[in-house]
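Working notes for the structure below.
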Amino acid sequence: MTEQPNANPQQPGDPAGDRLAPRPLARPAVDPAQAATFGRPHGVDGAFDKLYRPGTNGQPAPGLNLAPPTPESLAEAFRRPPGAEGVVLERPHGTNGSGPSANGAEGPLWTTTSDPWRDPGSGAVLAGPAVQQDTEEEKQAKRPQGALLSLPEVLFGRRVQTKALAMLAAVALAIGAVGGLIGWWFADTGTELTGQASISEADAAKERPAGSIADIAHRVAPAVVSLEVFKPGADAGQQGSGVVIDNQGYVLTNEHVISAATADSATKVTAVFFDGKRVEAKVVGADAKTDLAVVKVDVKNLTALQVGKSSDLAVGDSVIAVGSPLALQNSVTAGIVSALNRPVTAGGDGGSAPVIYEAIQTDAAINHGNSGGALVDATGALVGINSAIRSSSAEGGSIGIGFAIPSDYAVKIAKTLIKDGKVVHPDIGINASSTVAGSSTMGAQVRNVAPGGPAASAGIKEGDVITEVGGRLVRDSAELLVAVRAREVGEVVPVRLVRDGSSLVVDVKLASD
50 MTEQPNANPQ
60 QPGDPAGDRL
70 APRPLARPAV
80 DPAQAATFGR
90 PHGVDGAFDK
100 LYRPGTNGQP
110 APGLNLAPPT
120 PESLAEAFRR
130 PPGAEGVVLE
140 RPHGTNGSGP
150 SANGAEGPLW
160 TTTSDPWRDP
170 GSGAVLAGPA
180 VQQDTEEEKQ
190 AKRPQGALLS
200 LPEVLFGRRV
210 QTKALAMLAA
220 VALAIGAVGG
230 LIGWWFADTG
240 TELTGQASIS
250 EADAAKERPA
260 GSIADIAHRV
270 APAVVSLEVF
280 KPGADAGQQG
290 SGVVIDNQGY
300 VLTNEHVISA
310 ATADSATKVT
320 AVFFDGKRVE
330 AKVVGADAKT
340 DLAVVKVDVK
350 NLTALQVGKS
360 SDLAVGDSVI
370 AVGSPLALQN
380 SVTAGIVSAL
390 NRPVTAGGDG
400 GSAPVIYEAI
410 QTDAAINHGN
420 SGGALVDATG
430 ALVGINSAIR
440 SSSAEGGSIG
450 IGFAIPSDYA
460 VKIAKTLIKD
470 GKVVHPDIGI
480 NASSTVAGSS
490 TMGAQVRNVA
500 PGGPAASAGI
510 KEGDVITEVG
520 GRLVRDSAEL
530 LVAVRAREVG
540 EVVPVRLVRD
550 GSSLVVDVKL
560 ASD
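Mapping of the sequence shown onto my numbering: position 45 corresponds to residue 94, and the numbering continues sequentially without gaps.
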């Protein structure tokens, strides 16, 4: 019999003699840095849980330097309350330990027998992972959304063919069109008095070229004012117009407009400009014989009206009257020159002497309140001061016959009033009347001669009929007066007269009135 090798050689100290010696362990080299980080503290052998446990009376293992004890404030803030040592902080997730105990009460999450891998004397209790669990609403919100519904699916709950949708749209449009036609028919034929009007509108705006009435009125309006004359406490006053002839504030008007202010110093005059500004006006001077006056306003940067030459006017020329008729401020009327050098007798109401002057006749509408306003030519220059009208009614409304004092004479009087405050006029020294109809000679017949006057010195006698003054025809007493006033004081003028059927000429040196 061949001897078999011993498969289990007996090891020293092995009574059985059937075990093999253990193989030597392969110990790889340890990195000194890792050993310093993860190795046991110096002088500590064995498990870590033996270093410090409650059974050692709270004393650390010899040679182990532990952290200092927890401060009392932190320990009091974070320790369990007294008597709650058996209360767990969180139950584990899942089924392990999550259900109630056999008697229905919740037991501890872990016991000393259910977790052999932990120190049963440790005060910490293990729990599940700190992962937030989604609520049911969050789970529903995170579910992937399906495909969005189309319009046919929303409207009809299922898919519809494109052809069907097109037919449905066509039917809807047809129904709407039929309904609209029916409504239009009822609205159009519902009544005979209502309907749709066809109104023509102009394509272009109104043209206002330079020199038009609108252009002239726009330029003249700032220089024409309305004058209000009233006495404080009185029930009524006077009203008229005025023309700014100088940017220093001088306003030319009629004497009869401000006659109440010249007669009573308590009466006030107010100038109202086209923009509504109201300013007190002071009387500079007035002349009742020519029905002209000047007032002054204290206003800066006034617009003065340019003065034209009334002597250049001709019958038929276009003129514009600007003023405040019947207190209607900034009124404009247009017309033509109807006549020139027309002697006019106006006034004489209430026992006052009538006023006689040579005037421009115009058919531009002039009414009460236009007195003292401007009569301008086609260039917008002042050619007259509106003064009087001829009327057939008691109210004195315009019938197309108005009179204005020529600007040549009016400005001459205004300059004298501004300089001296009064005016003196040339005088021939006689009283005369118009010859009666049927007389052989037309002219102004002398009724009496002032002793020592200009006419007496020239040899004029009562009964003589004066037919010319300075070459100007005299047909009545009014023309005699305006012919004399057209001259200067001290001027010698030839006067033609008829005496006993014979014509003769005498030189008369005019005196002052």
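Ideal Cβ placement from N, Cα and C applies to all residues, glycine included.
Per DSSP, residue i forms a beta bridge with which residues?
| i | result |
| --- | --- |
| D336 | L341 |
| R72 | Paired residues: none, contrary to the question. |
| L553 | L546 |
| D295 | Y299 |
| I385 | S367 |
| R327 | V321 |
| P117 | Note: P117 sits in no beta bridge, so no partner. |
| A481 | V495 |
| P475 | S561 |
| S380 | G372 |
| V346 | A330 |
| V220 | Bridge partners of V220: none, in fact. |
When burial is assigned at 16 or more other CB atoms within 10 Å of the CB, is residue i buried or exposed?
| i | result |
| --- | --- |
| Q494 | buried |
| G429 | buried |
| L546 | buried |
| R257 | exposed |
| D549 | exposed |
| R496 | exposed |
| I409 | buried |
| T86 | exposed |
| L222 | exposed |
| L276 | buried |
| N303 | buried |
| E540 | exposed |
| I231 | exposed |
| H267 | exposed |
| A263 | exposed |
| I448 | exposed |
| S456 | buried |
| E511 | exposed |
| E528 | buried |
| V473 | exposed |
| I359 | Per the sequence shown, the amino acid found at residue 359 is Ser instead of Ile. It is buried - the Cβ of S359 has at least 16 other Cβ atoms within 10 Å. |
| L559 | buried |
Flag this pair as yes or no: are the beta carbons of residue i and residue j separated by less than 7 Å?
| i | j | result |
| --- | --- | --- |
| G289 | S420 | yes |
| L375 | G418 | yes |
| V432 | G357 | yes |
| N435 | I415 | yes |
| V300 | G291 | yes |
| D525 | S483 | yes |
| A423 | V381 | no |
| V318 | I307 | yes |
| V278 | A310 | yes |
| G508 | V555 | yes |
| S316 | V368 | A small correction: the amino acid at residue 316 is Thr; Ser does not occupy that position in the sequence shown. For T316 and V368, no; Cβs fall outside 7 Å. |
| A272 | T352 | yes |
| D476 | D562 | yes |
Counting only beta-carbon atoms, is residue i nearer than 7 Å to chain C?
| i | result |
| --- | --- |
| V557 | The question asks about chain C, but that chain is absent: this structure has only one protein chain. |
Legend entry - Length-filtered (3 minimum) beta strand (DSSP E) runs lying within the region 262 to 290: 273 to 279
Legend entry - 3 or more residues per run - each beta strand (DSSP E) lying fully within the region 388 to 468: 403 to 411, 423 to 425, 431 to 438 and 451 to 455
Inset, instruction - Tell me the start and end of each unbroken alpha helix (DSSP H) in the region 492 to 540 that is at least 4 residues and wholly inside, in chain order. - result: 503 to 507 and 526 to 534
Legend entry - Touch test, the region 330 to 348 against the region 376 to 386, Cβ-Cβ under 8 Å, three pairs minimum: no
Legend entry - Contact the region 450 to 464 vs the region 498 to 509: 3+ CB pairs below 8 Å: no
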